[in-house]
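All residue numbers for the sequence shown refer to the UniProt record's numbering, where the first residue is 1 and numbers rise by one.
Yeah, the Cβ is synthetic: ideal placement off N, Cα and C, and Gly gets one too.
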Amino acid sequence: MTPTDSTSSSPALRRLEHARARFDLLARRGEDTTNAAYELSQALAAVELARATSRTP
Numbered sequence: 001m002t003p004t005d006s007t008s009s010s011p012a013l014r015r016l017e018h019a020r021a022r023f024d025l026l027a028r029r030g031e032d033t034t035n036a037a038y039e040l041s042q043a044l045a046a047v048e049l050a051r052a053t054s055r056t057p
């Protein structure tokens with residue numbers, strides 16, 4: 001990810017970063033990551049959607 005990326009300061013990317021941090025924390029603690037994995041996949045999908053819709057034809 002580069003600073004020039006149009007999604008670098010987007011809410012979708014911040015959500016992805018938060019979801020990844022939460023997943024990593026739970027995994028390090030040895031706790032159940034099922035819900036965190038789902039949240040992470042949803043956050044990733046939101047970033048992908050934001051990127052796809054921000055591209056110019």
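query, result
"Under 9 Å between C-beta atoms of Leu-49 and Leu-16", "no"
"Cα-Cα separation between Arg-29 and Glu-39, rounded to whole angstroms", "18 Å"
"Collapsed DSSP secondary structure at Glu-31 in the structure displayed", "coil"
"Sub-9 Å separation of Gly-23 and Ala-37 beta-carbons", "Correcting the residue identity first, residue 23 is Phe in this sequence and not Gly. Cβ atoms of Phe-23 and Ala-37: closer than 9 Å."
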